[in-house]
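Everything in the sequence shown is counted per UniProt numbering, starting at 1 for the first residue and increasing by one. Cβ atoms here follow ideal geometry from the backbone N, Cα and C, with glycine treated the same way.
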Amino acid sequence: MKILIIEDEQELAKDMMKFLASEQYLCEWAFDFEEAMDKISAYEYDCILLDLMLPGGDGLSILNELKELNKQDGVIIISAKNSIEDKVKGLKLGADDYLAKPFHQAELAARIESLIRRKHFNSSNIIHHNEIEIDLQAKTVKVQNQFVNITKKEFQLLLFFVGNKNRVLSKSALAEHLSGDFADMFDNHDFVYAHVKNLKRKLKEAGYGDYIKTIYGTGYKWEQ
């Protein structure tokens with residue numbers, strides 16, 4: 001799962017990135033309004049952590065831009081401004097939640113997990129797809145009730161596939177999901193092929209129903 005932190009307090013942003021990386025999230029950081037606008041225009045995120053007060057602009061304008069672009073990224077406002085007015089404005093503009101500074105990292109992680117469950121998996125911690133069981137909190141996968149040993153990247157891929165059932169996902173979209181804006185630095189997407197191949201092999205050996213289909217010349221699709 002990919003997260004964008006829009007925050008001008010450098011130490012706080014670094015602390016959040018370190019903690020969320022330990023929770024197996026892929027994190028990117030935007031320091032100011034201009035950088036944040038560039039990122040939300042170019043990429044998609046499972047969750048955006050948004051400070052309201054930024055150099056060069058404000059978070060409410062970013063929410064407006066997300067609305068104009070018809071983006072579906074989940075947004076949690078994180079701000080020292082704790083007034084009811086700011087909270088109401090943000091929620092009316094499309095934010096999903098509001099967390100006032102200072103906060104505990106464990107609470108932040110819980111809010112992110114809750115948002116992702118609501119948006120992608122009908123508020124459930126355990127995702128069942130026929131013979132597959134995915135535990136979002138424990139970050140484990142079972143097939144036929146047997147644990148499958150998969151890597152962090154493979155777990156991210158599996159969630160991305162299951163959360164986008166019956167949609168064709170291009171290799172560039174998968175590359176962005178796995179590597180964020182670093183995906184633009186790769187000459188090709190061979191690493192995506194390697195991760196998908198390994199994930200398919202491990203799931204197939206465990207006895208899953210071969211749901212990941214290759215769409216030649218385009219990418220892949222999880223067929224329900």
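Taking the Cα positions, K142 is about 5 angstroms away from E133. If you draw a straight line from the Cα of D190 to the Cα of E176, it is about 13 angstroms long.
When DSSP states are grouped into helix, strand and coil, A30 belongs to the strand group. From the listed residues S79, I78, I62, I77, the smallest Cα separation to K71 is found for I62.
If you ignore the 5 residues before and after D96, its C-beta comes within less than 8 angstroms of the C-beta of G74, V75, I76, L115, R118, K119, all in its own chain and listed in chain order. Rounded to the nearest whole angstrom, the C-alpha separation of G207 and Q144 is 7 angstroms. Sequence-distant Cβ neighbours of N166 in its own chain, meaning closer than 6 angstroms and more than five residues away, are Q224. Three or more Cβ pairs drawn from the stretch 6 to 13 and the stretch 36 to 54 lie within less than 8 angstroms of each other, which places the two stretches in contact. Within the UniProt domain "Response regulatory" (2 to 116), the runs of beta strand (DSSP E) at least 3 residues long that lie entirely inside it are, in chain order, 2 to 6, 26 to 30, 47 to 50, 74 to 79, 97 to 100. Per the C-alpha coordinates, the member of L20, D32, D15 positioned closest to M1 is L20.
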